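Position 73 of the sequence shown, counting from 1, maps to 73 under this note's numbering, and the rest follow consecutively.
Each residue gets a CB set at the ideal place from its N, CA and C atoms; glycine is no exception.
Every value quoted in this text rests on a predicted model; they were computed, and no experiment measured them.
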Amino acid sequence: MRYASCGRRQGAGRAAVLAFCALSCALHTLLAAPQKPTAEDHTAKGLADARNGDLKSAESELRKALALSPDDAFCLGTLGAILGMQNKLEESSQFLQKALKVNPEDWTTRRNLASNQFQLGRLAEARENLDIVLKKNPEDKTAVLLLGMVAEEMGDYATAVGRLTSVPELTAWNPKSIAALARSYYRTGAHEQARATLRQMIDSEGVLLGARIAAGADDFQQAESMLASLPPSFQHGNDTRYELALVRYRAGKYAESEKTLRGLLDSGVQNSDVFNLLAWCHYKQDRMKEAVAAMDLAIDRDPAGESNYYDLGLMLLSRDRAPVALEAARKAVEVASGSYRAHLLKGLVEAKLNRLDDAAISYARASELKPDAPEAVVALGVVLSAARRYPEAEKTFRSGLEKFPRCAALYQEYGKSLLEQSDFADAVGQARAVRLLETALSLDPALSEPHFQLGKLALDHDRPREAASHLEIAAKLNPASSRIHFVLSRAYTELQRPDNAAREMELFEQAKAREEGSAPTASRGETPPLPQ
């Protein structure tokens with residue numbers, strides 16, 4: 001019995017040893033097996049990669065983290081920020097918005113979303129998010145800076161100045177914020193502050209940007225100074241010299257602009273833009289022959305460039321060379337059949353040559369090409385009226401007013417058209433014309449033509465005092481017009497004011513002599529004027 005008992009004890013011992021060994025093996029296997037990384041592990045790795053500048057790897061790790069924990073607000077916001085740093089703004093915004101749904105009070109994420117929206121041009125949304133951030137945290141200087149830049153883009157220049165100047169340590173560090181502040185100063189009339197701000201631009205790229213901002217604000221002296229300060233070794237040297245010539249041209253320094261362009265040509269830069277600007281310099285110095293020659297060279301360098309034919313047409317038309325101008329306008333339409341300006345110019349030249357039906361076709365095409373611009377509609381109505389196609393003219397003016405109810409020129413020309421086609425017995429038509437002309441003045445009090453038409457109508461109806469009132473205003477608004485002085489002289493004669501009448505007749509003769517002795521001028525890049 002003792003041996004049996006001993007055997008049982010020995011058997012139990014072996015079983016315990018075997019069980020312990022099995023457990024040890026299982027624990028060893030479990031401990032030796034690799035553990036799957038958690039969401040926290042991927043997030044930590046992604047943050048480390050981001051700190052080391054490896055944004056691709058950081059993005060990959062954060063996507064893995066979100067696969068394991070899709071509602072982690074911190075991970076969503078961080079991935080959104082990483083994507084934003086890679087300029088993947090749309091996708092970045094999607095993750096940032098998801099993060100804000102989970103945690104609406106994550107102000108850093110909301111600010112990052114506003115930054116994306118600003119860069120994508122969604123200014124109202126950006127401003128709304130920045131207002132939320134600053135309402136909760138007014139000391140967030142980055143949000144203040146960003147809101148200033150958003151305000152500048154939205155045209156709220158006073159707010160932009162206030163915000164950007166309140167964080168000078170951030171504004172002065174970023175060329176884009178310096179640019180936004182300078183533009184805002186210019187827009188609010190603070191030119192000296194704008195110049196002082198632009199002087200904060202240090203490197204050549206910043207100086208070039210600053211010069212362009214100054215030129216855009218017509219501060220040509222500042223723009224010229226900044227462009228002239230750029231070193232000859234600057235990588236955009238040729239472009240810079242062309243911009244300097246352009247600034248000098250816009251400042252009215254035509255000879256200096258020409259000299260700068262000559263330097264470019266001598267150095268081998270002989271492209272279409274240089275010859276085009278040289279042509280305008282010649283034109284402004286009354287050297288028409290040289291202007292045409294330079295524009296021919298511009299066309300030779302860029303035969304498909306619509307703007308060269310367009311500019312040549314404007315120059316020729318202003319010098320009463322309408323037949324040649326028509327050829328240039330036709331060529332502009334040929335090389336750029338979808339150009340609004342080319343068809344507008346062609347219509348103007350055709351109207352000048354009294355080819356009114358052709359002009360109507362050109363203006364109608366221009367209106368089709370740019371339906372949001374009222375100029376072609378006004379011009380079309382004018383030439384239809386001049387061609388005595390009155391029903392079509394009226395239809396054009398009416399449809400134009402439906403699309404452009406705030407366009408004073410439409411009311412003015414519609415009123416003139418009614419007066420042209422109404423005899424004195426047509427009181428209804430004249431009353432409509434008067435209402436249209438008065439509406440034009442309510443929209444734009446600086447117009448002289450409605451006052452002239454109302455004054456002339458009053459004089460024709462034996463109301464000289466009313467006529468003189470309108471005509472005096474017209475003469476102040478447009479003192480160079482001979483016809484205004486002539487009709488005003490008639491009104492003063494009716495009022496028995498011979499001295500005033502004689503004075504107006506003298507002014508009429510002087511204005512008439514100027515009109516007959518001087519050629520109209522054109523300006524680079526202008527829209528063709530309406531037909532008279």
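Quick check on residue i: buried or exposed, where buried means 16 or more other Cβ atoms within 10 Å of its Cβ?
i: T396; result: buried
i: W280; result: buried
i: Q222; result: buried
i: R365; result: buried
i: K416; result: buried
i: D218; result: exposed
i: D156; result: buried
i: V571; result: Outside the displayed range of the chain (1 to 532) lies residue 571, so it cannot be described from this structure.
i: T439; result: buried
i: T240; result: buried
i: K284; result: buried
i: E258; result: buried
i: A124; result: exposed
i: S337; result: exposed
i: P168; result: exposed
i: T521; result: exposed
i: R319; result: buried
i: P498; result: exposed
i: N308; result: buried
i: N87; result: exposed
i: D266; result: exposed
i: P138; result: exposed
i: A294; result: buried
Going by Cα to Cα distance, which pick from the options is closest to residue i?
i: R51; options: M85, L123 and K36; result: M85
i: E350; options: L326, L312, S339 and K370; result: L326
i: D41; options: L55, L68 and R398; result: L68
i: E413; options: L96, L436, K403 and D426; result: L436
i: V274; options: L297, G53, V292 and T521; result: L297
i: A44; options: A58, K36, A179 and G53; result: A58
i: F95; options: T78, W107, R432 and A409; result: T78
i: H343; options: D320, K370 and R319; result: K370
i: I82; options: W107, A48, P104 and E105; result: A48
i: R248; options: P231, L278 and N271; result: L278
i: P405; options: R389, S442, E420 and R388; result: S442
i: I473; options: E139, F118, S482 and G455; result: G455
i: A196; options: V434, L314, G216 and A172; result: A172
i: D372; options: T142, S399 and R111; result: S399
i: R111; options: L317, Q510, Y411 and L130; result: L130
i: G216; options: E91, Y363, A180 and L170; result: A180
i: T109; options: Q117, A99 and H451; result: A99
i: L244; options: A158, E306, L227 and G252; result: L227
i: N134; options: S339, S204 and E105; result: Reading off the sequence, residue 134 comes out as Leu, not Asn. Of the listed residues, the one whose Cα sits closest to L134 is E105.
i: R483; options: E506, L495 and E494; result: E506
i: L348; options: Q119, Y363 and E61; result: Y363
i: L120; options: E91, A143 and D140; result: E91
i: P323; options: Y340, A433 and K346; result: K346
For a test of the three-state rule: what should DSSP assign to residue i, helix, strand or coil?
i: A156; result: Correcting the residue identity first, residue 156 is Asp in this sequence and not Ala. Looking at D156 - three-state DSSP - the assignment turns out to be coil, as it is neither helix nor strand.
i: R176; result: What sits at residue 176 in the sequence shown is Lys, not Arg. In this structure, K176 counts as helix in the three-state DSSP scheme.
i: R524; result: coil
i: G455; result: helix
i: I618; result: Here the chain has residues from 1 to 532 only, and residue 618 is not among them.
i: C75; result: helix
i: A22; result: A caution first: A22 carries a pLDDT of 47, below 50, which makes its placement in the model unreliable, though a value can still be read off. The answer is helix: DSSP assigns A22 an H, G or I state.
i: Q534; result: This structure gives no information on residue 534, because the portion of the chain shown stretches from 1 to 532.
i: H461; result: coil
i: A491; result: helix
i: P303; result: coil
i: R389; result: coil
i: F220; result: helix
i: A293; result: helix
i: E105; result: coil
i: K253; result: coil
i: C281; result: helix
i: E139; result: coil
i: L447; result: coil
Roughly how far, in whole angstroms, is the beta-carbon of residue i from the beta-carbon of residue j, given that I think they are within contact range, below 8 angstroms?
i: L76; j: V102; result: 7 angstroms
i: E152; j: S115; result: 15 angstroms between Cβ atoms; not a contact.
i: A387; j: D357; result: 6 angstroms
i: L264; j: Y242; result: 6 angstroms
i: R163; j: G148; result: 3 angstroms
i: L410; j: L419; result: With 8 angstroms as the limit, L410 and L419 do not qualify as a contact, their Cβ atoms being about 15 angstroms apart.
i: A360; j: V383; result: 5 angstroms
Original post:
Does the stretch 457-467 come close enough to the stretch 442-449 to have 3 or more Cβ pairs within less than 8 angstroms?
Top reply: With a cut-off of 8 angstroms, the stretch 442-449 and the stretch 457-467 do not count as touching, because too few Cβ pairs lie within range.
Original post:
Are the stretch 184-201 and the stretch 232-244 touching, with three or more C-beta to C-beta distances below 8 angstroms?
Top reply: Contact between the stretch 184-201 and the stretch 232-244 is absent, because fewer than three Cβ pairs lie under 8 angstroms.
**OP:** Answer yes if the stretch 350-361 comes into contact with the stretch 333-342, meaning at least three C-beta pairs across the two stretches below 8 angstroms, and no otherwise.
**Re:** Under the 8 angstroms Cβ criterion, the stretch 333-342 does not count as touching the stretch 350-361, having fewer than three qualifying pairs.
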